[in-house]
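Each residue of the sequence shown is one higher than the one before, starting from 4 at the first, in our numbering. The beta carbon of each residue, even a glycine, is placed where N, CA and C say it ideally should be. Since we're looking at a predicted model, the values are computed, not measured.
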Amino acid sequence: MTRRWSGRLAAWVGARPMWARRGAIGLLTLVFLVAILATDYLQPGLALQVGQPSPRDLESPRTIEFVDQARTEAMRAEAMRATPPVLRHSPAQVAAAVAAAAVAFDAIEAARAASGPSGRTEAIRQAIGLPLSPAAVTAAAGATGTALAAARRAALTAVERALAEGVREDALLAARERARA
């Protein structure tokens with residue numbers, strides 16, 4: 004039987020031109036190689052039972068990450084709270100800033116002795132030496148002694164508190180803007 008098929012195959016191949024034989028050999032080689040490579044992509048025959056362990060490891064064709072946004076934000080906030088401050092003010096700087104604020108209030112009190120509201124505002128503007136808004140200068144010129152004393156205590160406390168707390172790297176720009184205001 005083998006002889007019969009081999010004879011027919013030889014007669015069929017011999018009757019074809021050379022390019023057809025080469026094409027047939029190339030096509031058969033391609034089909035054979037594709038069949039070999041395709042075996043990796045075929046589904047394995049697994050019989051899985053619910054509640055039972057798998058007879059072999061199941062592998063995912065790609066890695067998938069599941070990100071929990073709420074938990075990520077909570078962990079990020081916790082890490083930021085745990086980070087120590089980057090910038091700390093020295094006690095000498097804090098004392099100098101408090102002294103500068105006290106000098107500014109002393110200058111306001113001395114300038115309030117000038118006569119007339121316009122004279123007071125101009126005297127305060129010159130004496131303080133700091134860029135203040137017109138509303139702040141007008142408020143300082145028209146404030147009573149007790150209101151000015153309360154503002155002095157509040158300002159000195161705010162300066163001490165603002166300079167006593169450290170500033171983290173990510174909040175440095177915001178702290179600079181807050182200090183300028």
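Excluding five sequence neighbours on each side, which residues of the same chain lie with their C-beta closer than 7 Å to the C-beta of residue i?
i	result
ARG155	PHE108
ALA163	The amino acid at residue 163 is misidentified as Ala; the sequence shows Glu. Excluding sequence neighbours, GLU163 sits near VAL97 and VAL101.
For the alpha helix (DSSP H) containing residue i, name the first residue and the last one.
i	result
ALA143	137-145
PRO94	94-114
PHE35	21-41
GLY148	148-167
Run through DSSP, which three-state label would residue i get?
i	result
PRO87	coil
SER121	helix
LEU176	helix
THR66	coil
Suppose the cutoff is 6 Å on Cβ atoms and the five residues either side in sequence are ignored; what does the same chain contact list for residue i look like?
i	result
THR66	none
ALA158	ALA104
GLN114	The sequence given here places Ala at residue 114; Gln does not occur at that position. Within the same chain, ALA114 has close Cβ partners ALA126, ILE127 and ALA130.
Hey, residue i and residue j are a contact pair by Cβ (cut 8 Å); roughly how many whole angstroms apart?
i	j	result
GLN195	LEU166	This structure gives no information on residue 195, because the portion of the chain shown stretches from 4 to 184.
PRO56	LEU49	The pair is not a contact, with the Cβ atoms about 12 Å apart (cut-off 8 Å).
ALA143	ILE111	5 Å
THR124	THR149	20 Å between Cβ atoms; not a contact.
Suppose the cutoff is 8 Å on Cβ atoms and the five residues either side in sequence are ignored; what does the same chain contact list for residue i look like?
i	result
LEU133	ALA107
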